[in-house]
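Student: Using our numbering, you'd call the opening residue of the sequence shown number 152 and step up by one each time.
Even for Gly, the Cβ is constructed at its ideal location relative to N, Cα and C.
Just so it is clear, the structure is predicted and the values come from calculations on it, not from any experiment.
To start, I am sharing the structure in question, which I have written as structure tokens.
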Amino acid sequence: MMDDARFPPHHLGIDVTALAEDIGASLYHPVKGRRLIAGVASLSRAGEQDLCVFLPGDSTDQLVKLQAAAIICPQAVAPKVPTHCAVLISAAPLQAFADALELLYPEASESAAAQKQTIVSKHAYVDTEAILEGGRVSVAEGAVIAKGAHIGANTTIGPGAVVGPGCQIGRRCTLSAHATVHNALIGDDVGLHAGVRIGEGSDQYIGTPDKSVRIPQIGRVIIQDKVEIGANSTIDRGALQDTVIGDTTVIESLVSIGFNVRIGRACRIASHVGIASDVSIADHASIQAGATVNASVNADSDYAARQTLKQPLRQTD
Numbered sequence: 152m153m154d155d156a157r158f159p160p161h162h163l164g165i166d167v168t169a170l171a172e173d174i175g176a177s178l179y180h181p182v183k184g185r186r187l188i189a190g191v192a193s194l195s196r197a198g199e200q201d202l203c204v205f206l207p208g209d210s211t212d213q214l215v216k217l218q219a220a221a222i223i224c225p226q227a228v229a230p231k232v233p234t235h236c237a238v239l240i241s242a243a244p245l246q247a248f249a250d251a252l253e254l255l256y257p258e259a260s261e262s263a264a265a266q267k268q269t270i271v272s273k274h275a276y277v278d279t280e281a282i283l284e285g286g287r288v289s290v291a292e293g294a295v296i297a298k299g300a301h302i303g304a305n306t307t308i309g310p311g312a313v314v315g316p317g318c319q320i321g322r323r324c325t326l327s328a329h330a331t332v333h334n335a336l337i338g339d340d341v342g343l344h345a346g347v348r349i350g351e352g353s354d355q356y357i358g359t360p361d362k363s364v365r366i367p368q369i370g371r372v373i374i375q376d377k378v379e380i381g382a383n384s385t386i387d388r389g390a391l392q393d394t395v396i397g398d399t400t401v402i403e404s405l406v407s408i409g410f411n412v413r414i415g416r417a418c419r420i421a422s423h424v425g426i427a428s429d430v431s432i433a434d435h436a437s438i439q440a441g442a443t444v445n446a447s448v449n450a451d452s453d454y455a456a457r458q459t460l461k462q463p464l465r466q467t468d
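Spelled out as structure tokens, the structure:
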């Protein structure tokens with residue numbers, strides 16, 4: 152179990168048989184008596200009340216000293232688990248483990264907290280022409296919801312966060328502390344971590360022999376469903392078209408995305424990546440930490456860390 156149960160608070164305990172049913176796993180062998188699961192840990196650190204998971208990169212040699220109360224693993228691994236440990240068989244162990252985390256650490260999900268209560272802090276500002284859908288939106292102290300903004304049900308707006316005029320935030324979203332959204336339409340189940348900046352302008356300047364001419368940006372940012380954006384990342388609004396982030400894409404912390412960029416579905420962009428304006432990144436691409444992207448990226452490409460891409464990548468096998 153994690154050493155400090157305050158961050159986040161954990162469940163007092165779930166019976167392993169009930170847990171297996173809740174996450175869609177099956178027990179490899181019956182469990183005698185009542186066995187409570189109260190936390191999670193890695194294979195090497197799991198204790199007598201902990202759940203752990205066997206992942207593709209793990210070795211069955213690690214199971215010899217396993218002390219966990221229960222493990223989630225594929226069918227093929229089950230016979231190698233010590234008999235004192237309950238075995239929860241799943242065809243998708245990582246997803247089952249994530250589902251178990253939601254049950255054991257319910258307060259770790261900020262969007263889940265919003266579903267329990269409706270709170271608008273007296274120290275928040277919500278414009279009279281803003282819409283809080285269904286009345287089930289949590290708005291923390293110091294947050295600002297501007298004129299014409301629309302916030303979907305079960306969404307959490309964190310301390311100091313700002314939703315600009317006319318912006319739309321979908322359902323079950325989380326805007327963490329001091330995240331700001333301007334000139335943007337955001338889908339459902341989107342997470343914006345602390346300090347994220349969506350829809351800011353980096354106005355273009357076109358040089359002439361005599362001076363630089365400022366060209367205002369009039370586009371938007373479109374963020375589709377189930378996108379996660381890490382702390383202090385920035386996504387600029389489009390110039391004469393939109394900046395678009397596709398469904399289920401994950402963008403880690405400290406990423407800078409220029410105007411008119413179009414990122415496809417299910418992409419993975421690691422921290423400290425810079426993506427230049429007008430670049431297109433196709434579906435399922437992966438860009439590793441510290442990379443600089445100045446040219447478009449093909450579907451299913453994997454772009455290495457700390458490199459500069461100037462030519463399109465070839466599709467991987």
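(1) Would you tell me roughly how many angstroms separate the C-alpha atoms of Q246 and I174, rounded to the nearest one?
(2) With DSSP as the reference, label Q213 as helix, strand or coil.
(3) For K377, count neighbouring Cβ atoms within 10 angstroms of its own Cβ and tell me buried if that reaches 16, exposed if not.
(4) So what does DSSP say about Q319, is it helix, strand or coil?
(5) Do R186 and A237 have their CB atoms nearer than 9 Å?
(6) Confirm, please, whether the CB-CB distance from L326 to A304 is below 9 Å.
(7) Could you tell me whether the region 203 to 221 touches the region 278 to 287, where touching means 3 or more Cβ pairs closer than 8 Å?
(8) How many whole angstroms separate the CB atoms of Y342 and I380, which I take to be in contact at a CB cut-off of 8 Å?
(9) Check whether the Cβ atoms of N334 and R388 sit closer than 9 Å, and answer yes or no.
(10) Just tell me which of D339, H235, V424 has its CA closest to the CA of V182.
(11) Could you check which residue in R287, A417, Q319 has the C-alpha nearest to that of K298?
(12) Using a Cβ-Cβ cutoff of less than 7 Å, which residues in the same chain neighbour G352 once the five nearest sequence positions on both sides are dropped?
Tutor: Reading from the atomic positions:
(1) 9 Å
(2) helix
(3) buried
(4) strand
(5) yes
(6) no
(7) no
(8) Looking at the sequence itself, residue 342 is Gly, so the reference to Tyr does not match. That belief holds up - the Cβ atoms of G342 and I380 are roughly 7 Å apart, short of 8 Å.
(9) yes
(10) H235
(11) Q319
(12) Q368, D387, R388
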